[in-house]
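Residue 341 in the UniProt record's numbering sits at position 341 of the sequence shown, and the numbers go up by one each step. All C-beta atoms, glycine included, are put in the ideal place defined by N, C-alpha and C. Just below is one structure, and these are the notes that go with it.
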Amino acid sequence: MESGERMEVDGWDPSLEEELGVSLDELKKWIEEAVEKSEIVQKKKAQLTELKEWVEQKEEEKARTEVLLNDANQSILECEKLVKATYHRNGLVYRESSSEDEGVGGGVLSSEVIEIDDDDDDDVIAVGCLVPPKKPGTPVKDPVVKEASAALQKTTQQVQKLAQMVSKPPGAPLLRPPPQSPSQSGIQSSVPSVFVSQVPSQSMTQPNPNIKQDELRVGMSILGKKRTKTWHRGTLVAISPVGNGIYKYKVKFDKGKSLLSGNHVAFDYNPTLEILYVGARVVAKYKDGNLVWLYAGIVAEMPNNKNRMRFLIFFDDGYASYVTLPELYPVCRPLQRTWEDIEDASCRDFIEEYITAYPSRPMVLLKVAQIIKQSGKERGGRAKWRRWMEAWSRSSFWMTRGVSGSIEAPPG
Numbered sequence: 001m002e003s004g005e006r007m008e009v010d011g012w013d014p015s016l017e018e019e020l021g022v023s024l025d026e027l028k029k030w031i032e033e034a035v036e037k038s039e040i041v042q043k044k045k046a047q048l049t050e051l052k053e054w055v056e057q058k059e060e061e062k063a064r065t066e067v068l069l070n071d072a073n074q075s076i077l078e079c080e081k082l083v084k085a086t087y088h089r090n091g092l093v094y095r096e097s098s099s100e101d102e103g104v105g106g107g108v109l110s111s112e113v114i115e116i117d118d119d120d121d122d123d124v125i126a127v128g129c130l131v132p133p134k135k136p137g138t139p140v141k142d143p144v145v146k147e148a149s150a151a152l153q154k155t156t157q158q159v160q161k162l163a164q165m166v167s168k169p170p171g172a173p174l175l176r177p178p179p180q181s182p183s184q185s186g187i188q189s190s191v192p193s194v195f196v197s198q199v200p201s202q203s204m205t206q207p208n209p210n211i212k213q214d215e216l217r218v219g220m221s222i223l224g225k226k227r228t229k230t231w232h233r234g235t236l237v238a239i240s241p242v243g244n245g246i247y248k249y250k251v252k253f254d255k256g257k258s259l260l261s262g263n264h265v266a267f268d269y270n271p272t273l274e275i276l277y278v279g280a281r282v283v284a285k286y287k288d289g290n291l292v293w294l295y296a297g298i299v300a301e302m303p304n305n306k307n308r309m310r311f312l313i314f315f316d317d318g319y320a321s322y323v324t325l326p327e328l329y330p331v332c333r334p335l336q337r338t339w340e341d342i343e344d345a346s347c348r349d350f351i352e353e354y355i356t357a358y359p360s361r362p363m364v365l366l367k368v369a370q371i372i373k374q375s376g377k378e379r380g381g382r383a384k385w386r387r388w389m390e391a392w393s394r395s396s397f398w399m400t401r402g403v404s405g406s407i408e409a410p411p412g
C-alpha cells in the first residue's frame, strides 16, 4: 500500500508499527475480522437475515391475498351476471335481497288475513294478494327453480294449516287442504300469501354453559354506566366484595369515580359470537343523527342473511336498531334475568315477554291498503320500513320499531 493510501490516526506514533511489527491497516483489518467472528455480531446478523426473510414472505403473502381477493370479486360479479341472466330467461325480476324472502307465483290468489291477538301490537306485517306477472308464464325446466317450487308448495300447505288452526271454532275438526290437481302442480300455482320463517333452537335464548366469564382485573380498561345512563370508558381501580359472592367495582373516569355493580360495567372489547344469544345484555353504539353514545340494551335477534348479518338491539329507552359486532361490548356480570336491569317498566315487560316467548313473536297481520295509525313517545316515530317481495306484490311492507311506541289499526 502506498504511503498516500495509508490510514492516519491522530496521536499514532509511526515507531509503534516497527515495535509491534504490524501496520495500522493490518491492525484495522485484524480488528474487523475479530468483530465479524464475535458471537454477538453473528447473532445479530442471523436475526437481521431472519427478519428480512420474514418481511419478504409477508410481502409475498400480501400479494397472493390481493390476487385472491380480486379473483373472488370477479367471480362474484360473474355469478351475479349468471343469476340475472337466469332470472331474465325465466321472466323474473332480480332483486338484491335474501333468498328466503324471494317468492314466485301466478294464477288467481285469494286474500287471506290471520289475526293473532296481541295487546301491545308490537309488530305489524301487512300481507296482501300477490300480483302475478301480466305475461303468461312458461314451464321452467331449471331444476333449481323446480326445487324452489316444491319448497313454496310445502310452505303454502303450512300456512293453510296455520290459518285453519287460528280461525276454526272450538271443537271443529282441522280440515285438510283439498288435493291439488295435476294441472295445478306447476310453478304458477305455488304462491304462498305468508312466508313462515324457520324456528330457531331454544338454546338461542340461553348463554353457552361451556364458556366461562372473563376475569376482571384492577388496572384494566373498562366501560361504566354513569347517572346519565350513558356508558363511558374508564379504568378499574378497585374491586370490593360485598358478600354472597357479589362485588362492587370502582371505576375511574376522566372526570370523577363511580362504585358500580357488575351489571353496570362492561368489557372494553368486542364479544365473540359464541357468548351472544337472544336476551344477552350488551352495551352498543347508540346513534342519533351525527351523535353516537354507548347505551345498554338486549340482543333481540342474532345475525342471519335476512338482516345482513347484524344484531337487532332493543335499547333500554325503547329504541331498536341493527348494529354490527364491532359496535357491541359485553356486560361483565349481567343479571340472570337480563331484562330486570331495565328501569322503564313498559320496556322491561315487553322484553320479558319477547324473550320468554322467543322464537314466537307477537304480531298482527293486516290487509293491503288498510289504514293504520302509529302513536308513541320518544322515538316511536322512528319506525323502519323495509319493502320485500317487490317482484310479485304491489304493496307489501314489513315494519319494525322500538318498543316505546304502539301501532293501532282502526276498525274497517
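>> Measuring CB atoms only, is the region 311–319 touching the region 269–286, in the sense that at least three cross pairs come out at less than 8 Å?
In response: Result yes; three or more Cβ-Cβ pairs closer than 8 Å.
> Rounded to whole angstroms, how far is the Cβ of K252 from the Cβ of A296, which I believe are closer than 8 Å?
Replying inline: If you number the sequence shown from 1, residue 252 lands on position 252. If you number the sequence shown from 1, residue 296 lands on position 296. Going by Cβ atoms, the distance from K252 to A296 rounds to 20 Å, so no, they are not a contact pair.
> Are the region 203–214 and the region 241–252 touching by the rule of at least three beta carbon pairs closer than 8 Å?
Replying inline: No: the two stretches stay apart, fewer than three of their Cβ pairs being nearer than 8 Å.
> Taking DSSP as the reference, what is the three-state secondary structure of N263?
Replying inline: Numbered from 1 along the sequence shown, position 263 holds the residue referred to as residue 263. Helix, per DSSP.
> For Y358, which option in G279, K52, V265 has the closest C-alpha, if you only look at C-alpha atoms?
Replying inline: As a working mapping, residue 358 is identified with position 358 in the sequence shown. Sorting G279, K52, V265 by C-alpha distance to the C-alpha of Y358 places G279 at the top.
>> Using the three-state DSSP reduction, which class does P326 fall into: helix, strand or coil?
In response: What you label residue 326 is simply residue 326 of the sequence shown in a count that begins at 1. Reduced to three states, the DSSP call for P326 is helix.
> How is the beta strand (DSSP E) around Y247 delimited, first residue to last?
Replying inline: In the sequence shown, counting from the first residue as 1, residue 247 sits at position 247. Element bounds for Y247: 246–252.
> How long is the line joining the alpha carbons of V299 and K52, rounded to whole angstroms?
Replying inline: Here residue 299 corresponds to residue number 299 of the sequence shown, with the count starting at 1. Here residue 52 corresponds to residue number 52 of the sequence shown, with the count starting at 1. Rounded to the nearest angstrom, the two C-alpha atoms are 47 Å apart.
> So, are the CB atoms of P271 and L335 less than 8 Å apart?
Replying inline: For the purposes of this step, residue 271 is identified with residue 271 of the sequence shown, where counting begins at 1. For the purposes of this step, residue 335 is identified with residue 335 of the sequence shown, where counting begins at 1. For P271 and L335, no; Cβs fall outside 8 Å.
> What is the rounded straight-line gap between the Cα of S23 and the Cα of T49?
Replying inline: Residue numbering aside, residue 23 sits at position 23 when the sequence shown is read from its first letter. Residue numbering aside, residue 49 sits at position 49 when the sequence shown is read from its first letter. Their Cα atoms are separated by approximately 34 Å.
> Going by DSSP, what residues sit across from V331 in a beta bridge?
Replying inline: Your numbering for residue 331 matches position 331 in the sequence shown. Beta-bridge analysis with DSSP links V331 to A266.
> Straight-line CA distance for L223 to D268?
Replying inline: Position 223 of the sequence shown, counted from the first residue, corresponds to residue 223. Position 268 of the sequence shown, counted from the first residue, corresponds to residue 268. Rounded to the nearest angstrom, the two C-alpha atoms are 6 Å apart.
> Within 10 angstroms of its Cβ, does T338 collect 16 or more other Cβ (buried), or is it exposed?
Replying inline: Locating residue 338 in the sequence shown gives position 338, where the first residue counts as 1. Buried: at least 16 other Cβ atoms inside 10 Å.
> What does V282 pair with, by DSSP beta-bridge criteria?
Replying inline: Reading the sequence shown from its first residue, position 282 is the one you call residue 282. DSSP, once it has assigned bridges, lists G297, P330 as partnering V282.
>> Taking a contact to mean a Cβ-Cβ separation below 8 Å, would you say S221 touches T235 in this structure?
In response: As a first step, residue 221 must be located in the sequence shown, where it is residue number 221. As a first step, residue 235 must be located in the sequence shown, where it is residue number 235. The answer is yes: Cβ separation under 8 Å.
> From D71 to E78, what distance separates their C-alpha atoms?
Replying inline: For the purposes of this step, residue 71 is taken as residue 71 along the sequence shown, with counting starting at 1. For the purposes of this step, residue 78 is taken as residue 78 along the sequence shown, with counting starting at 1. One C-alpha to the other measures close to 10 Å.
> Excluding the five sequence neighbours on either side, which residues of its own chain have a C-beta within less than 6 Å of the C-beta of Y94, listed in chain order?
Replying inline: As a position in the sequence shown, residue 94 is number 94, starting the count at 1. The residues K84, Y87, in chain order, have a CB closer than 6 Å to that of Y94 in the same chain once the five nearest residues on each side in sequence are set aside.
> Rounded to a whole number of angstroms, what is the C-alpha to C-alpha distance between N210 and P303?
Replying inline: To locate residue 210, count along the sequence shown from 1; it is residue 210. To locate residue 303, count along the sequence shown from 1; it is residue 303. Each residue's alpha carbon lies about 21 Å from the other.
> Whose C-beta lies closer than 6 Å to the C-beta of S240 among residues of the same chain, with five residues either side of it excluded?
Replying inline: Numbered from its first residue, the sequence shown carries residue 240 at position 240. Answer for S240: K248, listed in chain order.
>> What does the alpha-carbon distance come out to for the pair E26 and S15?
In response: Position 26 of the sequence shown, counted from the first residue, corresponds to residue 26. Position 15 of the sequence shown, counted from the first residue, corresponds to residue 15. Taking the straight line joining both Cα atoms gives about 15 Å.
> Helix, strand or coil: how does DSSP classify T230 here?
Replying inline: Numbered from its first residue, the sequence shown carries residue 230 at position 230. T230 falls in the strand class under three-state DSSP.
> What do you get for A126, buried or exposed, if any count of 16 or more other CB atoms within 10 angstroms of its CB means buried?
Replying inline: For the purposes of this step, residue 126 is taken as the residue at position 126 of the sequence shown. Note that A126 scores a pLDDT of 39, beneath 50, so its modelled location is shaky; the value from the coordinates is reported in the next line. A126 should be labelled buried.
> Which residues in the same chain have their Cβ closer than 6 Å to the Cβ of K212, if we skip the five residues on either side of it in sequence?
Replying inline: Your numbering for residue 212 matches position 212 in the sequence shown. Around K212: no qualifying Cβ.
>> Here's the rule I'm using: 16 or more other beta-carbon atoms within 10 Å means buried, otherwise exposed. How should R281 be labelled?
In response: Residue 281 sits at position 281 when you count from the first residue of the sequence shown. Result: buried.
>> Let me check one thing: in DSSP terms, what residues is D288 bridge-paired to?
In response: In the sequence shown, residue 288 corresponds to position 288, counting from 1. According to DSSP, D288 bridges with L291.
> Excluding sequence positions up to five away, which residues of its chain have a Cβ less than 6 Å from the Cβ of D119?
Replying inline: Numbered from 1 along the sequence shown, position 119 holds the residue referred to as residue 119. Caution is warranted here: a pLDDT of 45 is assigned to D119, below 50, making its placement in the model unreliable, and no coordinate value can be reported.
> With DSSP run on the structure shown, which of helix, strand or coil describes S346?
Replying inline: The sequence position of residue 346 within the sequence shown is 346, counting from 1. Per DSSP, reduced to three states, the secondary structure at S346 is helical.
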